[in-house]
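K.L.:
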Amino acid sequence: MTARTAARVPGALAAPSVAFLAVFAAYPLVYVIGLAFTDSTLARPLQRWTGFDNFRTALESQSFTGSLWRSVLFAVLAAAVQLVLGTALALLLRARAARPGLLGTLLLLPLVTPPVMVGVAWKLLLAPVGGALNGVLQAAGLPGVNPLGSGTGAFITLVVIDSWQWTPFVMLLVYAALLGVPDELREAAALDGAGRARTLRSIVLPYIEPTLLSVLLLKLVIGFKVFDIVYVVTSGGPGFSTTTSTYDIQRTALQEFDVGGAAAATVLFSLLIGLVTSLVAIRRKKYEEVAV
């Protein structure tokens, strides 16, 4: 092999990956941006240049701006709940020197269940008439409940459903990080007279902080993208109380057929996700710089 041929080998090896990114990443991104700046419908995309009109309309829409706030609230609340519960479960397993094993497999069942099936199961469970929950309450002589009947109740219910599905995932990631904490650090803390609480606060949590920040970042992104359970369980209601940005964008594109407006809303929503997640990413980067 000549030197000239050898110099072409890296480019040839990278070509398939570059082509894949161009087809499945760059092209859709450019196409969505093109839709956002044009008058586009499902039947007739990219018809007329409209400039920033679609963005202006989206920002003036109370439905869309309200959905942005609800998406941020849902993502932050769900990520916080799951991080706390997952970390607590992981610490409990580690303290008992237990391996996830069969328990871990059972806990992962909600995670591998299709989100649509999760939503259907919870909707049947919480149904005000004929639901399993109200059946148990009525059998016990207690009044029935309808958590999906109010805006606040429906929103909290979605957070509960999402947490039920994703907390085991967080638990396993944090548990793996806990296994990497050197026993020497715990032993040194014990020799210094530190109790379990202080060891956890001063040794364990700082050591696994990069993992916690990474999990938080991942869960924020997943929380922003939630759509399935909203569509199945509440359909954005009651009213607009559970209408997240993903659901509002879908409604704009596929029910109102305003693809240009939906594309502009998608771009704005993506910028919001980048802003919120960058705060966590910056914190993680600062931690890495200090650690180095």
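The UniProt record's numbering applies: residue 1 is where the sequence shown begins, and numbers increase by one.
Just so you know, even glycine gets a beta-carbon here, dropped at the ideal spot from N, CA and C.
#1: Taking only the alpha-carbon atoms, compute the straight-line gap between L109 and G119 and give it to the nearest angstrom.
#2: In this structure, how does DSSP classify A199 when only helix, strand and coil are distinguished?
#3: Thinking C-alpha only, which one of N134, T244, G149 is nearest P143?
#4: Just to confirm the assignment, what range does the alpha helix (DSSP H) spanning Y27 have?
#5: Does the CB of T38 have a neighbour CB from chain D at under 8 Å?
#6: Which residue or residues does DSSP assign as beta-bridge partners of W69?
#7: By Cβ distance, which residues of its chain are closer than 7 Å to V230, with the 5 residues on each side in sequence left out?
#8: For the alpha helix (DSSP H) that I161 lies in, which residues bound it at each end?
#9: Where do the ends of the alpha helix (DSSP H) carrying I249 lie?
#10: In the DSSP assignment, find the alpha helix (DSSP H) that holds A219 and state where it starts and stops.
#11: Quick one: Cα of S202 to Cα of L68, how far?
#12: I need the DSSP call for R96, collapsed to helix, strand or coil.
#13: So, for G66: in the same chain, excluding its five sequence neighbours on each side, which residues have a beta-carbon less than 8 Å away from its beta-carbon?
#14: By the DSSP assignment, the alpha helix (DSSP H) with T57 in it spans what residues?
#15: Measuring only the C-alpha atoms, how far is L179 from R94?
#16: Reducing DSSP to helix, strand and coil, say where D39 ends up.
#17: Which residue comes first and which comes last in the alpha helix (DSSP H) that contains P110?
P.N.:
Let me spell this out:
#1: Translated into the one-based positions of the sequence shown, residue 109 becomes position 109. Translated into the one-based positions of the sequence shown, residue 119 becomes position 119. Taking the straight line joining both Cα atoms gives about 14 Å.
#2: Along the sequence shown, one-based indexing puts residue 199 at 199. According to the sequence provided, residue 199 is Thr. The question's Ala does not apply to it. Helix at T199.
#3: In the sequence shown, residue 143 corresponds to position 143, counting from 1. Here the closest residue by C-alpha is N134.
#4: In the sequence shown, counting from the first residue as 1, residue 27 sits at position 27. Taken as a continuous stretch (DSSP letters only), the alpha helix (DSSP H) holding Y27 covers 27-36.
#5: Although the question refers to chain D, the structure presented lacks it and comprises just one protein chain.
#6: Walking along the sequence shown from the start, residue 69 turns up at place 69. DSSP lists no partner for W69.
#7: Residue 230 sits at position 230 when you count from the first residue of the sequence shown. Only L158, G236, T242, T244, Y247 meet the Cβ criterion.
#8: Indexing the sequence shown from 1 puts residue 161 at position 161. Unbroken alpha helix (DSSP H) run through I161: 151-179.
#9: As a working mapping, residue 249 is identified with position 249 in the sequence shown. Start and end: 245-254.
#10: In the sequence shown, the residue the question calls residue 219 occupies position 219. Inspection of the sequence shows that residue 219 is occupied by Lys rather than by Ala. Element bounds for K219: 209-224.
#11: Here residue 202 is taken as the residue at index 202 of the sequence shown, counted from 1. Here residue 68 is taken as the residue at index 68 of the sequence shown, counted from 1. Roughly 37 Å separates the two Cα atoms.
#12: Start at 1 with the first residue of the sequence shown, and residue 96 comes out as number 96. Here R96 sits in coil by DSSP.
#13: For the purposes of this step, residue 66 is taken as residue 66 along the sequence shown, with counting starting at 1. Counting only Cβ-Cβ distances below 8 Å, and skipping sequence neighbours, we find F240, T243.
#14: By 1-based counting over the sequence shown, the position of residue 57 is 57. Element bounds for T57: 53-60.
#15: Residue 179 sits at position 179 when you count from the first residue of the sequence shown. Residue 94 sits at position 94 when you count from the first residue of the sequence shown. Cα-Cα distance, rounded: 8 Å.
#16: Counted from its first residue, the sequence shown places residue 39 at position 39. Of the three classes helix, strand and coil, the one that applies to D39 here is strand, per DSSP.
#17: Here residue 110 refers to the residue found at position 110 of the sequence shown. Note, P110: alpha helix (DSSP H), 109-112.
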